[in-house]
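**Q**
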Amino acid sequence: MADVGEVIYTALEVFIAVACCLGNVLVIWAVWVSGALRQPTFCFIASLAVADFLVGALAVPLAVLVDGWVEMSFQGCLFISCVVIVLTQASVYSLLAIAVDRYLRVYIPLKYKGLAKRTHSWAIVAVCWMIASVLGFIPMFGWNNYNHLQPSNSTTIVCQFLTVIPMSYLVNFIFLSCLLPPMIIMTVLYGFIFCTISQQLRGGVIRASKSGAYYVKEKKLASSLALVLALFAACWLPIHIMNTMEFYNQSSLVPHIAFYVGILLSHANSAVNPVVYAFKIPKIKRAYKMAWRKFLPCRREQQTDQMAENYASSITYSTAKSAAGLT
1 MADVGEVIYT
11 ALEVFIAVAC
21 CLGNVLVIWA
31 VWVSGALRQP
41 TFCFIASLAV
51 ADFLVGALAV
61 PLAVLVDGWV
71 EMSFQGCLFI
81 SCVVIVLTQA
91 SVYSLLAIAV
101 DRYLRVYIPL
111 KYKGLAKRTH
121 SWAIVAVCWM
131 IASVLGFIPM
141 FGWNNYNHLQ
151 PSNSTTIVCQ
161 FLTVIPMSYL
171 VNFIFLSCLL
181 PPMIIMTVLY
191 GFIFCTISQQ
201 LRGGVIRASK
211 SGAYYVKEKK
221 LASSLALVLA
231 LFAACWLPIH
241 IMNTMEFYNQ
251 SSLVPHIAFY
261 VGILLSHANS
271 AVNPVVYAFK
281 IPKIKRAYKM
291 AWRKFLPCRR
301 EQQTDQMAEN
311 YASSITYSTA
321 KSAAGLT
């Protein structure tokens, strides 16, 4: 990119990083204070929010760093690039855990209560992150571009993502094997969820019963989480499709700037989720409002205290001045 393009790209990445951090800290706080962590779905939402927060705190700065800004050892550059991939995979498997949880809640509602223990949920979260870490760090164990580098006496390289990460790994493994299948599974699960709920709500008696209220509530939450999945797909598929086109055609069919737009879009996904939660998930929305109400009184109290302090200071000063005039 030209110098102006680099500045614009970096500025947008900084904006996205700040939005990711602030928005997802609020989500994590909202889930915590609302007591929703006792529910498996919200454990997985918290896991997704942690991954999205780390995208802003780590992945975005590292992505800018591995865009040719620094020189470092091959292994150091490779490690940084792998961290970016790990966070992406953690998001994918958190979304998959959410979809499976919603499916079980609708398909076996009675058994679900016995299965959905808090300890089980956190164990699944741990497994998701372990799988993401294993898949993301595979290049550290040999599937990398070290043997394709030009011979050089230097022990450092200009650190760029595709200099160390092979396109075969990104396309054949990450996209076609680790991203696309989970997304297809999630789409099928949400399709089944909506079909099941629609069938249950089709009868007027069921709609008016407690069971009907349960399914209406489930449909609303499932719709919100399906929207999160749809946004994830819309943000991440473009960059992977462009990578696939480049890899299999072995020619530069995609404009260079399009890759940067795809990267920005993929990072922006982590900043969008908190907005979806705020408008679509009542429990998190209420926690947001509670945080806002707590914040505003604190601000008013601080302003009142400051005014009182200023007023007291002025009175003290006037009294002292008057006393000095009398003596």
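The sequence shown: position 240 = 240 (my numbering), numbered continuously.
Ideal Cβ positions, reconstructed from N, Cα and C, are used throughout, including at glycine.
#1: Using DSSP with H/G/I as helix, E/B as strand and the rest coil, what is residue 160?
#2: So, do the stretch 9-20 and the stretch 29-36 have three or more beta carbon pairs nearer to each other than 8 angstroms?
#3: Compute the Euclidean distance between the alpha carbons of residue 271 and residue 99, then round it to the nearest angstrom.
#4: Compute the Euclidean distance between the alpha carbons of residue 45 and residue 144, then round it to the nearest angstrom.
#5: Determine the burial state of residue 108: buried for a count of at least 16 other Cβ atoms within 10 Å of its Cβ, exposed for fewer.
#6: Applying the criterion that 16 or more other CB atoms from any shown protein chain within 10 Å of the CB defines a buried residue, is residue 281 buried or exposed?
#7: Which class does residue 66 belong to by DSSP, given the choice of helix, strand or coil?
#8: Report all residues from its chain with a CB closer than 7 angstroms to the CB of residue 78; omit the five preceding and five following residues, and keep chain order.
#9: When you compare only the Cα positions, how much space is there between residue 284 and residue 146?
#10: Whose CA, out of 172, 43 and 175, lies closest to the CA of residue 119?
#11: Identify, in the order they occur along the chain, each residue of the same chain with its Cβ nearer than 8 angstroms to the Cβ of residue 242, setting aside the five sequence neighbours on each side.
#12: Taking residue 65 as the reference, which of 128, 84 and 53 has the closest Cα?
#13: Scan the stretch 9-49 and note each continuous alpha helix (DSSP H) run of 4 residues or more that stays entirely inside, going in chain order.
#14: Once the 5 residues before and after residue 20 are set aside, which same chain residues still bring their CB inside 8 angstroms of it?
#15: List in chain order: all unbroken beta strand (DSSP E) runs of 3+ residues lying wholly within the stretch 57-119.
#16: Give me, in chain order, the residues of the same chain whose beta-carbon lies closer than 7 angstroms to that of residue 82; leave out the 5 immediate sequence neighbours on both sides.
#17: Does the stretch 164-179 come within contact of the stretch 196-203, defined as at least 3 CB pairs closer than 8 angstroms?
**A** Walking through what the data contain:
#1: Indexing the sequence shown from 1 puts residue 160 at position 160. Strand, per DSSP.
#2: no
#3: For the purposes of this step, residue 271 is identified with residue 271 of the sequence shown, where counting begins at 1. For the purposes of this step, residue 99 is identified with residue 99 of the sequence shown, where counting begins at 1. If you take the alpha carbons of residue 271 and residue 99, they lie about 20 angstroms apart.
#4: As a working note, residue 45 is residue 45 in the sequence shown. As a working note, residue 144 is residue 144 in the sequence shown. If you take the alpha carbons of residue 45 and residue 144, they lie about 33 angstroms apart.
#5: Here the question's residue 108 lines up with position 108 in the sequence shown. Exposed.
#6: As a working note, residue 281 is residue 281 in the sequence shown. Buried.
#7: Position 66 of the sequence shown holds residue 66. DSSP places residue 66 in coil when its eight states are reduced to three.
#8: Along the sequence shown, read from residue 1 onward, the residue named residue 78 stands at position 78. Cβ neighbours of residue 78 beyond the five flanking positions: 139, 140, 144 and 164.
#9: As a position in the sequence shown, residue 284 is number 284, starting the count at 1. As a position in the sequence shown, residue 146 is number 146, starting the count at 1. Taking the straight line joining both Cα atoms gives about 46 angstroms.
#10: Mapped onto the sequence shown, residue 119 falls at position 119. Comparing Cα-Cα distances from residue 119 to each of 172, 43 and 175, the minimum goes to 43.
#11: Taking the sequence shown and counting its residues from 1, one reaches residue 242 at position 242. If we look at residue 242 and ignore the five residues flanking it on each side, its Cβ neighbours are 254, 258, 259 and 262.
#12: One-based indexing of the sequence shown puts residue 65 at position 65. Residue 65 has its Cα closest to that of 84, out of 128, 84 and 53.
#13: Within the stretch 9-49, no complete alpha helix (DSSP H) run reaches 4 residues.
#14: Here residue 20 is taken as the residue at index 20 of the sequence shown, counted from 1. Counting only Cβ-Cβ distances below 8 angstroms, and skipping sequence neighbours, we find 52, 53, 55, 56, 57, 60, 267, 270 and 271.
#15: Listed in chain order, the beta strand (DSSP E) runs fully inside the stretch 57-119 are 67-72, counting runs of at least 3 residues.
#16: Taking the first residue of the sequence shown as position 1, residue 82 is located at position 82. If we look at residue 82 and ignore the five residues flanking it on each side, its Cβ neighbours are 136, 137, 139 and 140.
#17: no
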